[in-house]
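Protein chains in written order, with the working numbering: chain A, 246 to 565; chain B, 246 to 565.
What follows is a set of notes on a single structure, which appears directly below.
There are 2 protein chains.
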Amino acid sequence: MWLKKTNYKHMKKPFVTLLICCISASFTFSQTLAEKLGYAKDAKLLIIHGDDVGVAHSQTKATFEAMKNGLVTSTSMMVPPAWSAEVGEMAKEMPGADIGIHITLTNEWLNFNWGPEAGRTAVPGLANEKGHMYADCASVTANASPQEVEKEIRAQIHTAVQMGIKPTHLDSHMGCVFYGRPEYLVSYLKVAQELKIPAMINSQMIEGIIKPNAALFSGIHVDKFPVVDQLFMAQPTDFESGMVDFYENSIADIQPGLNVILIHLAYDDEEMNAVTKGHNTYHAPWRQADYDFFTSDKARELLEKNEIKLVTWREIGKVM
Amino acid sequence: MWLKKTNYKHMKKPFVTLLICCISASFTFSQTLAEKLGYAKDAKLLIIHGDDVGVAHSQTKATFEAMKNGLVTSTSMMVPPAWSAEVGEMAKEMPGADIGIHITLTNEWLNFNWGPEAGRTAVPGLANEKGHMYADCASVTANASPQEVEKEIRAQIHTAVQMGIKPTHLDSHMGCVFYGRPEYLVSYLKVAQELKIPAMINSQMIEGIIKPNAALFSGIHVDKFPVVDQLFMAQPTDFESGMVDFYENSIADIQPGLNVILIHLAYDDEEMNAVTKGHNTYHAPWRQADYDFFTSDKARELLEKNEIKLVTWREIGKVM
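As structure tokens, this is what we get:
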């Protein structure tokens, strides 16, 4: 899940090539990402990304089901929550699955908690007085040093690998890596660079964080990272007015380049209602609505009608 | 849950007074526990104790339901699992509830995990290479120092208090405090003594651990602790032959003195089946069977017919 206040819905202009050229003038794209993947130059590429796998049994089961029998192409796992080992087990039955690490610095739920993977005493700035992660990114930024965040990122990847996951990409739960100190983003990209995998970034991050802090990012080959051209994620008003409408409109809005729809899949069941208790967004019915749409024939037909090419981070990583 | 290999079912002889007198010759019982609680000298006292609250939403919900509307008198919470905060929330709606701390040193489930409450780097001997607690008591004994165990006991109580729980008693998940190093039992009793609350012990522990290690226990006023005369807990063969039979026989076997039936309540639902996956004991159907019996009219009638007095650790603590 991303920070709710940020609306990525209408980032339609492909700033990307221009911006990357500013950072690395010597680098030139000989081919578009679509061409590298074997598609026409102006193909509409789309990753349908189910966030938060591992946060609860309901979430993990629904996400794998939607990857097997629905339209979800990719997921990223939350390592600190209690259920993360189940991701490793389910992944064994789906060895080609596109599974990244959803770098998790927060714990936003009332009654279902976790602490930092590195341990509360190893990274005290990432734990509240109960040993749990903070509920929001602002508290992370106020309390966690860049060194602690990098240690935690590495601890999460280490545990995932122990669980049998070979991460295909990195992204950030609630966007805390993006909205905190710029050094958090440095660590995120540095670790992805070491692992030779994509880390999700978009042109806003390049423009708003990387360029103004160029010295901090001097060791990062930003130009080597694939950049998302359009991100779509439902906001509370979209849930209120109907998720089917929102996703139909999103699919219709997809342009040539790399598009990502971020969704959150779970069942509207007893467990997920208990996990998300007290929240009226990103809660169990919201996640069931995401599941319903992205396992529907209607969604499949819309993607075909709009000539959208479903891709994965794994495929993109191979042509990086 | 207690260590499965230990069968407490037929500990019928009241060794207790004799043994305690051996330890503290100067102490004399002027009244039996039953008399102190206002019952006849030879009353059959019974605590029906739902272990493991906090381990999962299903477990917590079923246990509180069985305390509200069934026959369960007491519970003890597992603090390290992700769901423990829900115990604090549910306890608010039941302020008189008898809730102890189920000192937890193990994590026996395949896909649902937790690490030590004190933090994996603070008590490394209580965490495996993934940062989770070990699956069995033997691994705890092999790896955890007495100092680490005491630190962990205190951390669990500290967190429970932060969650709004005022512990009424201590006991031990899977009995690891009892079957490990004698120093673990020293810490368990020492902390209970400081808190002025009962810690569940029986005559086997006095005879087998405390007496042979009397010097270690020199600071503990063992004679002040109420001692359980009979413990009943279903074993795998009891589940196979039918839980109703086992509990009917247990109730018929209850003798004058302090009796405890240890049970594990949850629903046989999706979440609990996922938590207990790969186990065929203490699993979801087992826990549903416990719930069914101890919310039944039949159980209520049997308790009345056998003139059994239901009591709580809270009441016992007040007359300690």
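All C-beta atoms, glycine included, are put in the ideal place defined by N, C-alpha and C.
All figures in this text were calculated on a predicted structure; none of them were measured in a lab.
Measure the C-alpha to C-alpha separation of phenylalanine 462 of chain A and valine 422 of chain A and round it to an integer number of angstroms. In the first sequence, counting from the first residue as 1, residue 462 of chain A sits at position 217. In the first sequence, counting from the first residue as 1, residue 422 of chain A sits at position 177. The straight-line gap from Cα to Cα measures roughly 14 Å.
Between phenylalanine 568 of chain A and chain B, is there a C-beta pair that is closer than 8 Å? Here chain A covers residues 246 to 565 and nothing more, so residue 568 of chain A does not appear.
Check whether the region 280-290 of chain B and the region 336-353 of chain A touch, using three or more Cβ-Cβ pairs below 8 Å as the test. Fewer than three beta-carbon pairs drawn from the region 280-290 of chain B and the region 336-353 of chain A are found closer than 8 Å, and the two stretches are therefore not classed as touching.
Could one say the Cβ of glutamate 516 of chain B lies closer than 8 Å to chain A's Cβ atoms, at least one of them? The residue you call residue 516 of chain B lines up with position 271 of the second sequence. With 8 Å as the cut-off, glutamate 516 of chain B counts as an interface residue toward chain A.
Hey, would you say methionine 488 of chain B sits closer than 8 Å to alanine 529 of chain B, going by beta carbons? The residue labelled residue 488 of chain B in the question sits at position 243 within the second sequence. The residue labelled residue 529 of chain B in the question sits at position 284 within the second sequence. Not closer than 8 Å, so no.
Taking just the CA atoms, how far does phenylalanine 477 of chain B sit from isoleucine 499 of chain B? Counted from its first residue, the second sequence places residue 499 of chain B at position 254. Counted from its first residue, the second sequence places residue 477 of chain B at position 232. Cα to Cα, isoleucine 499 of chain B sits roughly 9 Å from phenylalanine 477 of chain B.
Tell me asparagine 504 of chain B's beta-bridge partners as DSSP assigns them. Start at 1 with the first residue of the second sequence, and residue 504 of chain B comes out as number 259. Answer is B:Leu291, B:Gln475, bridged to asparagine 504 of chain B.
Limits of the beta strand (DSSP E) - the one that methionine 408 of chain A falls within: One-based indexing of the first sequence puts residue 408 of chain A at position 163. Element bounds for methionine 408 of chain A: n/a, residue is neither H nor E.
Residue environment, arginine 365 of chain A, which counts as buried when at least 16 other CB atoms sit within 10 Å: Counted from its first residue, the first sequence places residue 365 of chain A at position 120. Flag for arginine 365 of chain A reads buried.
List, in order along the chain, the chain B residues whose C-beta lies closer than 7 Å to that of lysine 375 of chain A? Residue mapping note: residue 375 of chain A aligns to position 130 of the first sequence, counting from 1. Those are Thr404, Gln407, listed as they occur along chain B.
Of the listed residues B:Ala367, B:Gln392, B:Asp514, nearest to arginine 426 of chain B (C-alpha basis): Taking the first residue of the second sequence as position 1, residue 426 of chain B is located at position 181. Checked all of B:Ala367, B:Gln392, B:Asp514; the closest Cα to arginine 426 of chain B is B:Gln392.
Closer than 8 Å, Cβ to any Cβ of chain B: which residues of the region 329-362 of chain A, in chain order? Ser329, Ala330, Glu331, Glu334, Leu355, Asn356, Phe357, Asn358, Trp359, Gly360, Glu362: these are the residues of the region 329-362 of chain A whose beta carbon lies less than 8 Å from some beta carbon of chain B, given in chain order.
Whose Cβ in chain B lies nearer than 7 Å to the Cβ of arginine 365 of chain A? Counted from its first residue, the first sequence places residue 365 of chain A at position 120. Chain B residues near arginine 365 of chain A: Gly364.
Provide the residue(s) that pair with asparagine 494 of chain A in DSSP beta bridges, ordered along the chain. Locating residue 494 of chain A in the first sequence gives position 249, counting from the first residue. Answer by DSSP bridge pairing: none, since asparagine 494 of chain A is not bridged.
Contact belief for threonine 351 of chain A with valine 394 of chain A at Cβ below 8 Å, rounded distance in angstroms: Numbered from its first residue, the first sequence carries residue 351 of chain A at position 106. Numbered from its first residue, the first sequence carries residue 394 of chain A at position 149. Not confirmed; about 12 Å, so no contact.
C-alpha distance - methionine 339 of chain B paired with threonine 305 of chain B, whole-angstrom precision: Counting from 1 along the second sequence, the entry for residue 339 of chain B is found at position 94. Counting from 1 along the second sequence, the entry for residue 305 of chain B is found at position 60. Distance from the CA atom of methionine 339 of chain B to the CA atom of threonine 305 of chain B, rounded to whole angstroms, is 13 Å.
Simplified DSSP state of histidine 347 of chain B, which is helix, strand or coil: Residue mapping note: residue 347 of chain B aligns to position 102 of the second sequence, counting from 1. If DSSP states are grouped into helix, strand and coil, histidine 347 of chain B belongs with the strands.
In angstroms, rounded to a whole number, what distance separates the CA positions of valine 324 of chain B and glutamine 276 of chain A? As a first step, residue 324 of chain B is located in the second sequence; it is residue number 79 there, counting from the start. As a first step, residue 276 of chain A is located in the first sequence; it is residue number 31 there, counting from the start. Inter-residue distance for valine 324 of chain B and glutamine 276 of chain A is about 55 Å (C-alpha atoms, whole angstroms).
Glutamate 515 of chain A and glutamate 374 of chain B: beta carbons closer than 8 Å? The sequence position of residue 515 of chain A within the first sequence is 270, counting from 1. The sequence position of residue 374 of chain B within the second sequence is 129, counting from 1. Not a contact, by the Cβ cut-off of 8 Å.
Shorter than 8 Å from the beta carbon of alanine 511 of chain B to some beta carbon of chain A? Residue numbering aside, residue 511 of chain B sits at position 266 when the second sequence is read from its first letter. Against chain A, the CB of alanine 511 of chain B has no partner CB under 8 Å away; the residue lies outside that interface.
Neighbourhood of asparagine 518 of chain A by C-beta distance below 7 Å, restricted to the same chain and skipping five residues each side: Locating residue 518 of chain A in the first sequence gives position 273, where the first residue counts as 1. Closer than 7 Å at Cβ, skipping near neighbours: Ala529.
Reduced DSSP secondary structure (H/G/I, E/B, other) of leucine 248 of chain B: Residue 248 of chain B sits at position 3 when you count from the first residue of the second sequence. Residue confidence for leucine 248 of chain B is low, a pLDDT of 36 falling below 50, so the modelled location carries little weight; the figure read from the coordinates is stated next. DSSP, read as helix, strand or coil, puts leucine 248 of chain B in coil.
Glutamate 560 of chain A, DSSP secondary structure in three states: Within the first sequence, residue 560 of chain A is the residue found at index 315, counting from 1. Helix, per DSSP.
Does the CB of histidine 302 of chain B have a neighbour CB from chain A at under 8 Å? As a working mapping, residue 302 of chain B is identified with position 57 in the second sequence. Under the Cβ distance rule, histidine 302 of chain B counts among the residues neighbouring chain A, one pair being separated by less than 8 Å.
If you compare alpha carbons, which of B:Ser319, B:Asn356, B:Glu331, B:Glu280 is closest to lysine 522 of chain B? Here the question's residue 522 of chain B lines up with position 277 in the second sequence. Checked all of B:Ser319, B:Asn356, B:Glu331, B:Glu280; the closest Cα to lysine 522 of chain B is B:Asn356.
Tell me the DSSP secondary structure of glutamate 452 of chain B in three-state form. The residue given as residue 452 of chain B occupies position 207 in the second sequence. In this structure, DSSP gives glutamate 452 of chain B a helical state, which the three-state scheme calls helix.
Closer than 7 Å, Cβ to Cβ, to anything on chain B: give me those residues from the region 310-327 of chain A, in chain order. Legend: CB atoms of the region 310-327 of chain A lying less than 7 Å from CB atoms of chain B belong to residues Pro326, Ala327.
Taking the alpha carbon of glutamine 480 of chain A as the reference point, which residue from A:Trp531, A:Asp416, A:Leu440 has its own alpha carbon closest? Within the first sequence, the letter at position 235 stands for residue 480 of chain A. That would be A:Trp531, whose Cα lies nearest to the Cα of glutamine 480 of chain A.
Please state if the CB of lysine 554 of chain A and the CB of aspartate 284 of chain A are separated by a distance shorter than 8 Å. Residue mapping note: residue 284 of chain A aligns to position 39 of the first sequence, counting from 1. Residue mapping note: residue 554 of chain A aligns to position 309 of the first sequence, counting from 1. The question names aspartate, yet the displayed sequence has tyrosine at residue 284 of chain A. Cβ distance < 8 Å, so tyrosine 284 of chain A and lysine 554 of chain A count as in contact.
Taking C-alpha atoms, which residue in B:His377, B:Ser448, B:Asp468 lies nearest to threonine 349 of chain B? Counting from 1 along the second sequence, the entry for residue 349 of chain B is found at position 104. Between threonine 349 of chain B and the set B:His377, B:Ser448, B:Asp468, the nearest pair of CA atoms involves B:His377.
Closest Cβ-Cβ distance between alanine 529 of chain B and chain A: below 8 Å? By 1-based counting over the second sequence, the position of residue 529 of chain B is 284. No, its Cβ sits nowhere closer than 8 Å to a Cβ of chain A.
Which value, in whole angstroms, describes the spacing of the CA atoms of glutamine 449 of chain B and aspartate 542 of chain B? Taking the first residue of the second sequence as 1, we reach residue 449 of chain B at position 204. Taking the first residue of the second sequence as 1, we reach residue 542 of chain B at position 297. Roughly 34 Å between the two C-alpha positions.
Contact list for glycine 389 of chain A against chain B, beta-carbon separation under 7 Å: Residue 389 of chain A sits at position 144 when you count from the first residue of the first sequence. Checking the displayed sequence, the identity of residue 389 of chain A turns out to be alanine instead of glycine. Within 7 Å Cβ-Cβ: nothing; alanine 389 of chain A doesn't reach chain B, min ~16 Å.
Taking Cβ positions only, does lysine 554 of chain A come closer than 8 Å to chain B? Residue mapping note: residue 554 of chain A aligns to position 309 of the first sequence, counting from 1. At a cut-off of 8 Å between beta carbons, lysine 554 of chain A makes no contact with chain B.
Distance cutoff 8 Å, beta carbons only. Does alanine 519 of chain B sit that close to anything in chain A? By one-based count along the second sequence, residue 519 of chain B stands at place 274. Using a Cβ-Cβ cut-off of 8 Å, alanine 519 of chain B counts as an interface residue toward chain A, since at least one Cβ of chain A sits closer than that to its own.
Which of the three DSSP states is assigned to lysine 435 of chain B in this structure? The count along the second sequence starts at 1 and reaches residue 435 of chain B at position 190. DSSP places lysine 435 of chain B in helix when its eight states are reduced to three.
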